[in-house]
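Student: Structure provided below as structure tokens; questions to follow.
Protein chains: 2
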Amino acid sequence: MTAQQGNGLRVAVVGATGAAGSTVLRILHERRFPIAEFRALASARSAGTTVKLGEAEHTVAEVSDGALRGCDLVFFAAGSGTARRFAPVVAEQGGVAIDKSSAYRMDPAVPLIVPEVNGDEVTGEPGIVANPNCVAIPLTVALNPLHRAFGLRHLTVATYQSASGGGRNLVGELRAQEVADAEGREPEHPVYPHVLHGNVVPGGWSMHGLDNDEEVKVVQETRRVLGLPELRVSVSTVRVPVAVGHSGAVWAEFDTPADLDRARELLSTAPGVRYVDDPEAQQYPTPRSAAGTDDVWVGRLRPDAGNPGGLAFFWSADNLRKGAATNAVQVGELVLARRRAGAPVA
Amino acid sequence: MTAQQGNGLRVAVVGATGAAGSTVLRILHERRFPIAEFRALASARSAGTTVKLGEAEHTVAEVSDGALRGCDLVFFAAGSGTARRFAPVVAEQGGVAIDKSSAYRMDPAVPLIVPEVNGDEVTGEPGIVANPNCVAIPLTVALNPLHRAFGLRHLTVATYQSASGGGRNLVGELRAQEVADAEGREPEHPVYPHVLHGNVVPGGWSMHGLDNDEEVKVVQETRRVLGLPELRVSVSTVRVPVAVGHSGAVWAEFDTPADLDRARELLSTAPGVRYVDDPEAQQYPTPRSAAGTDDVWVGRLRPDAGNPGGLAFFWSADNLRKGAATNAVQVGELVLARRRAGAPVA
């Protein structure tokens, strides 16, 4: 991985064998990201296995300072520890590290980016760019056009989060429980604190006082992405028996009373939003329809009956794609565009 | 069914063969409701079949004016049409009709009762008593102690409602979808507008403008039961792939800022509430644990981070039991107590 060829970049994915990393590879291929050279990296445990980028097979190497040398763009689809250790190495060597972990999300020196919302903060200069968590991304994509028009003042959201947000093992456990329930056996739950199949679980995250990790992330990251450090956010995160696809029921209060027709217009044309809203015809977002797409599906838009001037809506999005990998690849596209436009290339 | 024996009442269940009705029979037996004579009634279609009240088998008769003659207490576990046709007959003949349908819920002449909240409105006199819907019941049981202490001003709730709230056919459809998904076949959905298994569906109810039937009921009935006709209510109702057990994520604003310790104390001792709240130990309400119980499980109680002085919490309850049949039988117990205390018996 020594030379940049044509217009393509020298790209690596760290954590290439995991659920998030393999989705990054799929989306790099789908979006025809211009890659001059590609390197698949992971922990020592996965080194030597192979992954596919389109039809091309790549042998996975262990991530190391040397393995990252010369990379223009490195997607970190690994844990916070790996990102903390290796993302600065990428930056020091003149590349851009795009991190999906929570390591740098609240670091004031690192931009936290949802391209449709604050993509203009991506400079293309060497450094680290963080991706928000899988609720904050779709939430801000849906809220941003409404905020720009009416001024967001208070946000309430109840989530319906899928098993894949809890990792591959939880998806496997849910699947085994589905089979057990279908066969009339007692489902087991070695991975998760409760049986998830046929259930709704308002927990499973570690706690920060009376709020959980996920709730703290949604509050902090939504504020940062929207540029509203004082935004009042009320959030309850809940896991549901869905394999892929997060959803949320949202109520939003604004400085200016929201006009429903204007809100509909805004959501119909907002980047990244698929506005699906004909409840009489039973058309609204569901995780089963959003899974496999890159859009944030928004519907059931209506005046908040309990708060004059406010709006209520419901969203669904593929948490592995727009909630993680697609967002990261879109950030990569912004880096590429900025570099082509003349930002320094190492 | 001609004479009242001992302290028992002459009791009938209309809709005795349905999901709701058979749960009423189960709960009458469990709670040892004093029955002098029992009559199982249903539509002509089910007449001649048998149902069990404890060990005793009862042949189902077709509901008619004559079949209701002499009844002290009649549980209507049928549709609104049946209730509208026959509940007044019970009242005219000196009995009490306890209706779980929505027919009389907003009739100002008919009390809408959740025993733990406004049971004092039950007089025992001949007439009709309505039961709220399966969300309004647990919601008001959980909110009432907080409202009495702090003065409820605004309520926001996102629901996680089980298939059984949509009727027996939806439970069967969910079960068939679970088997299809486990076997790798495409699940079908002849009953419901979307596949429910592995999904979250913010619809399926008929619409009243931009709100659905269920949302309108939750607003109106919560106001009536709590005696707060002007209460501001923000609600989004959502169906989840759970067989039995509804849940809700709630935010409540009060006239007086809520004290957390006092709120905990109140919920720990509130009638009908099982306060389960140790999220560090992954103890909180889930529908899978609430199913089969008569309690409203409440947990994840905490200050609303987005609204100083407000509270957030999560509840789960068995929608067939406390959300329907148990509530109706508890109303029957109040009628019995009032009659024993001297209210007129026909």
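Chains A and B, in that order, give the protein sequences. My numbering puts the first residue of the first sequence at 690, with every later residue one more than the last. My numbering puts the first residue of the second sequence at 690, with every later residue one more than the last. We put the CB at the ideal spot given by N, CA and C, even for glycine.
What are the residues in the segment 981 to 995 of chain A lying within 9 Å of chain B by C-beta distance?
Tutor: Result list: Gly988, Arg989, Leu990, Arg991, Pro992, Asp993, Ala994, Gly995.
Student: Need the endpoints of the beta strand (DSSP E) that Ile724/A sits in, please.
Tutor: Segment 724 to 731, the beta strand (DSSP E) holding Ile724/A.
Student: Going by beta carbon distance, what residues of the same chain come within less than 8 Å of Asn858/A, once the five residues before and after it are set aside?
Tutor: Hits under 8 Å: Val880.
Student: Note the first and the last residue of the continuous alpha helix (DSSP H) segment covering Ala1017/B.
Tutor: Segment 1015 to 1029, the alpha helix (DSSP H) holding Ala1017/B.
Student: Ordered along the chain, which non-local residues of its own chain (more than five positions away) have a Cβ less than 8 Å from that of Ala701/B?
Tutor: Only Met690, Phe727, Arg728, Ala729, Leu730, Ala756, Leu757, Cys760, Leu762, Val763, Phe764 meet the Cβ criterion.
Student: Compute the distance between the beta-carbons of Trp986/A and Arg953/A, then report whether it is under 8 Å.
Tutor: Not a contact, by the Cβ cut-off of 8 Å.
Student: Just the Cα atoms here: how many angstroms apart are Gln694/B and Ala970/A?
Tutor: Reliability fails at Gln694/B, whose pLDDT of 47 lies under 50, so the model's placement of it is uncertain and no value is given.
Student: I'd like to know if Ser957/A contacts chain B, where contact means its C-beta is closer than 8 Å to some C-beta of that chain.
Tutor: No, Ser957/A lies away from the interface with chain B (no Cβ there is under 8 Å from its Cβ).
Student: What are the boundary residues of the beta strand (DSSP E) that Pro930/A is part of?
Tutor: Element bounds for Pro930/A: n/a, residue is neither H nor E.
Student: Whole beta strand (DSSP E) runs in the segment 787 to 871 of chain A with 3 or more residues, listed along the chain?
Tutor: Taking only runs of at least 3 residues, the beta strand (DSSP E) segments lying wholly in the segment 787 to 871 of chain A are 816 to 819, 841 to 849.
Student: Residues bridged to Pro992/B by DSSP?
Tutor: Answer is Leu1000/B, bridged to Pro992/B.
Student: Nearest chain A C-beta to His883/B closer than 8 Å, yes or no?
Tutor: Yes - at least one Cβ of chain A is within 8 Å of the one on His883/B.
Student: Got a sec, what are the start and stop residues for the alpha helix (DSSP H) Arg774/B sits in?
Tutor: From DSSP, the alpha helix (DSSP H) with Arg774/B extends over 769 to 781.
Student: Give me the Cα-Cα distance between Ala1035/B and Ser1005/B, rounded to the nearest whole angstrom.
Tutor: Because Ala1035/B sits at a pLDDT of 45, beneath the cut-off of 50, its placement in the model cannot be relied upon, and the following sentence gives the value as read from the coordinates. For Ala1035/B and Ser1005/B, the distance between alpha carbons rounds to 39 Å.
Student: For Pro930/A versus Leu885/A, is the C-beta spacing smaller than 8 Å?
Tutor: Yes, Cβ-Cβ distance for Pro930/A and Leu885/A is below 8 Å.
Student: Just the chain B side, please: which residues come within less than 9 Å of Met795/A by C-beta, in chain order?
Tutor: Result: empty, since nearest Cβ-Cβ is about 16 Å, beyond 9 Å.
Student: Take the Cβ of Leu835/A as the centre, count every other Cβ of all protein chains shown within 10 Å, and call the residue buried at 16 or more, exposed below.
Tutor: Counting Cβ neighbours within 10 Å, Leu835/A comes out buried, since at least 16 surround it.
Student: Between Leu698/B and Gly854/B, what straight-line distance do the alpha-carbon atoms span, to the nearest angstrom?
Tutor: Spanning the two alpha carbons is a distance of roughly 30 Å.
Student: Where DSSP assigns a beta bridge to Trp940/A, which residues make up the other side?
Tutor: In DSSP, Trp940/A forms a bridge with Thr845/A, Ala1001/A.
Student: To the nearest angstrom, how far is the alpha carbon of His747/A from that of Thr738/A?
Tutor: Their Cα atoms are separated by approximately 8 Å.
Student: My output table needs one value for Asp1007/B: the three-state DSSP class, helix, strand or coil.
Tutor: In this structure, Asp1007/B counts as coil in the three-state DSSP scheme.
Student: Residues in the segment 934 to 953 of chain A with C-beta within 7 Å of chain B's C-beta atoms, listed in sequence order?
Tutor: Within the segment 934 to 953 of chain A, the qualifying residues are Ser936, Ala938, Trp940.
Student: In whole angstroms, what separates the C-alpha of Gln782/B from that of Ala847/B?
Tutor: Each residue's alpha carbon lies about 42 Å from the other.
Student: Could you compute how far the alpha carbon of Val779/B sits from the alpha carbon of Asn822/A?
Tutor: Cα to Cα, Val779/B sits roughly 58 Å from Asn822/A.
Student: Applying the criterion that 16 or more other CB atoms from any shown protein chain within 10 Å of the CB defines a buried residue, is Ala1001/B buried or exposed?
Tutor: The residue in question, Ala1001/B, is buried, as its Cβ has 16 or more Cβ neighbours within 10 Å.
Student: Would a C-beta distance cut-off of 8 Å place Arg989/A and Pro968/A closer than the cut-off?
Tutor: Yes, Cβ-Cβ distance for Arg989/A and Pro968/A is below 8 Å.
Student: Could you give the DSSP three-state label for Gln694/B: helix, strand or coil?
Tutor: Note that Gln694/B has pLDDT 47, beneath the 50 cutoff, so the model's placement of it is unreliable and the number below is only indicative. Coil.
Student: Which residues, in order along the segment 837 to 863 of chain A, keep a beta-carbon less than 8 Å from a beta-carbon of chain B?
Tutor: Taking 8 Å as the Cβ-Cβ cut-off against chain B, the residues of the segment 837 to 863 of chain A that qualify are His843, Leu844, Thr845, Ala847, Tyr849.
Student: Kindly indicate which residue of Ser936/A, Gly998/A, Pro891/A, Glu814/A has the alpha-carbon position closest to the one of Ala838/A.
Tutor: Closest option to Ala838/A, Cα to Cα, is Gly998/A.
Student: Return the CA-CA distance between Ala1030/A and Glu1022/A, expressed in angstroms with no decimal places.
Tutor: Their Cα atoms are separated by approximately 12 Å.
Student: So Val703/A and Val752/A are in contact, right, with Cβ under 8 Å, and what is the actual spacing, rounded?
Tutor: The pair is a contact, with the Cβ atoms about 5 Å apart (cut-off 8 Å).
Student: Can you pull the chain B residues whose beta carbon is under 7 Å from the beta carbon of Arg774/A, in chain order?
Tutor: The premise fails here: Arg774/A is roughly 30 Å from chain B at the closest Cβ pair, so nothing lies under 7 Å.
Student: Considering only residues of the same chain and omitting the five flanking positions on each side of His878/B, which have a CB-CB separation below 8 Å?
Tutor: Excluding residues within five positions, the ones whose Cβ falls inside 8 Å are Glu862, Gln866, Val884, Leu885.
Student: Report yes if the CB atom of Phe1025/A is closer than 8 Å to the CB atom of Pro723/A, and no otherwise.
Tutor: Note that residue 1025/A is Leu in the sequence shown here, rather than Phe. Cβ distance < 8 Å, so Leu1025/A and Pro723/A count as in contact.
Student: I want to verify the contact list: residues of chain A whose CB lies under 7 Å from the CB of Ser684/B, in sequence order.
Tutor: What is shown of chain B runs 690 to 1035, which leaves residue 684/B out entirely.
Student: Closest by CA to Pro777/A, which one among Gly770/A, Ala786/A, Ser769/A?
Tutor: Ranking the options by Cα distance to Pro777/A, first place goes to Ala786/A.
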